[in-house]
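A.B. asks:
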Amino acid sequence: MSTSMGMASVLVLSSMLLSPLAMAEESPAFVAKNEARAAAFEQRQTELANHPQNDVNSQQTQVKVSTTNESKDS
C-alpha cells in the first residue's frame, strides 16, 4: 500500500512541477520571443550570405598590397 501511495505522490508532484513548462510554450511572451529570435536569425543569415563577396574582394586587395610592398623592399 505504501508503495502505491509513493508512486501516486511522485506522479502528482512531477505533473505539478512540469505544468509551468507546458504553459510557457503557449504564453504570448514566449511566442513573441521565439518570433524575435527567428527574425534575428534570418537577418543574420542574410547578412552572412551577402558578406563573403566583400571578404573575397578585400582579401584580394590585401594580397595585391602585400606583393607591392615586397617589391619596394627588394
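Position 26, counted from 1, in the sequence shown is what my numbering calls 33; the numbers after and before it change by one each time, with no gaps. Using N, Cα and C, we set each Cβ at its ideal position, and we do this for glycine too. Computed from a predicted model, the values in this text were never measured in an experiment.
1. Just the Cα atoms here: how many angstroms apart are residue 21 and residue 13?
2. Would you identify the three-state DSSP class for residue 49, choosing helix, strand or coil?
3. Quick one: Cα of residue 19 to Cα of residue 40, how far?
4. With H, G and I counted as helix, E and B as strand and the rest as coil, what does DSSP make of residue 54?
C.D. replies: Quick answer:
1. Locating residue 21 in the sequence shown gives position 14, where the first residue counts as 1. Locating residue 13 in the sequence shown gives position 6, where the first residue counts as 1. Taking the straight line from one Cα to the other gives about 12 Å.
2. Translated into the one-based positions of the sequence shown, residue 49 becomes position 42. Of the three classes helix, strand and coil, the one that applies to residue 49 here is helix, per DSSP.
3. Counting from 1 along the sequence shown, the entry for residue 19 is found at position 12. Counting from 1 along the sequence shown, the entry for residue 40 is found at position 33. Between residue 19 and residue 40, the C-alpha separation is close to 30 Å.
4. In the sequence shown, counting from the first residue as 1, residue 54 sits at position 47. Note: residue 54 maps to helix in three-state DSSP.
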